[in-house]
Amino acid sequence: MRDPKAILEAVLFVAEEPLSLERLHGVLEEYTKKELETALRELQDSYLREGRGLQVIEVAGGFRLATRPELAPWILKLKQARPTRLSRAAMETLAIIAYKQAITKAEIEAIRGVEVDGVLRTLLEKDLVRIVGRKKEAGRPILYGTSKTFLEYFGFKDLSELPSLNELEELVPQPTLPGVQGDRQDESSPEGLLPAGGALDPSLVMGDGGATKEVGGVDPDR
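This note's numbering puts the sequence shown at residues 140 to 361.
Have a look at this one:
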């Protein structure tokens with residue numbers, strides 16, 4: 140029987156999204172899940188040991204091939220246009236949603252102190268945020284949460300890997316997304332998480348002990 144590592148490498152290379160072990164088993168059905176899991180780990184070790192430019196990473200509940208982060212300066216030279224960074228307003232709003240999900244627009248605005256219609260619409264268009272249901276209260280407002288794309292973009296395996304707010308502030312200036320725009324007042328200063336008037340109070344975003352704070356009474360859309 141052919142070594143599954145070569146097949147896994149080829150499948151991960153052409154995949155446009157992370158592939159779960161279940162999905163990979165559906166493609167390589169002649170191998171057991173245990174054999175595939177072992178082959179994936181061996182492939183990861185092989186790339187690392189040989190100092191290759193690629194790596195097999197586990198992200199958003201699946202596996203994918205990715206370039207090594209330290210090679211980014213050379214990779215970016217291939218880009219024809221400079222990507223636009225997430226605006227300060229977009230990053231602040233995204234952080235609030237990530238740590239407080241599920242959360243309503245009104246609750247986001249109460250924390251930020253400004254309207255978020257525009258930036259929320261942009262985050263939805265870029266699939267970083269999704270509608271997760273409706274809150275069981277008067278008017279049944281829409282509840283927002285982060286998406287699988289959010290996990291892929293920041294390289295998180297799942298939401299349990301969310302860093303502390305201070306760590307997120309260090310992480311935020313680095314990633315870029317083409318065409319992402321935030322609130323107009325923040326577009327001239329797109330870097331970072333903090334609002335122009337000062338620091339974002341971690342106590343407003345984080346729950347006790349830095350854990351994600353859940354909002355009860357979720358009524359999923361049908």
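For glycine and all other residues, C-beta sits at the position ideal for the given N, C-alpha and C.
Every value quoted in this text rests on a predicted model; they were computed, and no experiment measured them.
- Distances from the alpha-carbon of THR232 to those of LYS265, ARG251, ILE270 and PHE293 put ARG251 closest.
- Note on geometry: alpha-carbon atoms of ILE214 and GLY165 lie some 33 Å from one another.
- Residue nearest to LYS296 within the set ARG203, ALA211 and LYS239 is ARG203 (criterion: CA-CA distance).
- Put simply, of TYR186, THR243, GLY272 and ALA249 the residue whose alpha carbon is nearest the alpha carbon of ARG207 is TYR186.
- For VAL150, the enclosing alpha helix (DSSP H) stretches over residues 143-153.
- Within the same chain, Cβ atoms closer than 7 Å to the Cβ of LEU160 are found at LYS172, LEU175 and GLU176, the five residues on either side in sequence being excluded.
- DSSP places GLY257 in the helix class (H, G or I) of the three-state scheme.
- Sorting ILE196, ARG260 and LEU147 by C-alpha distance to the C-alpha of TYR292 places ILE196 at the top.
- Secondary structure at LYS296: coil, using DSSP grouped into helix, strand and coil.
- When SER286, LYS244, PRO280 and VAL150 are compared, the shortest CA-CA separation from GLU264 is found for SER286.
- With a cutoff of 8 Å on beta-carbon distance, LEU259 and THR288 are scored as not near each other.
- Residue state for THR206 is assigned as strand, using DSSP reduced to three classes.
- When secondary structure is reduced to three states using DSSP, THR285 falls in the strand class.
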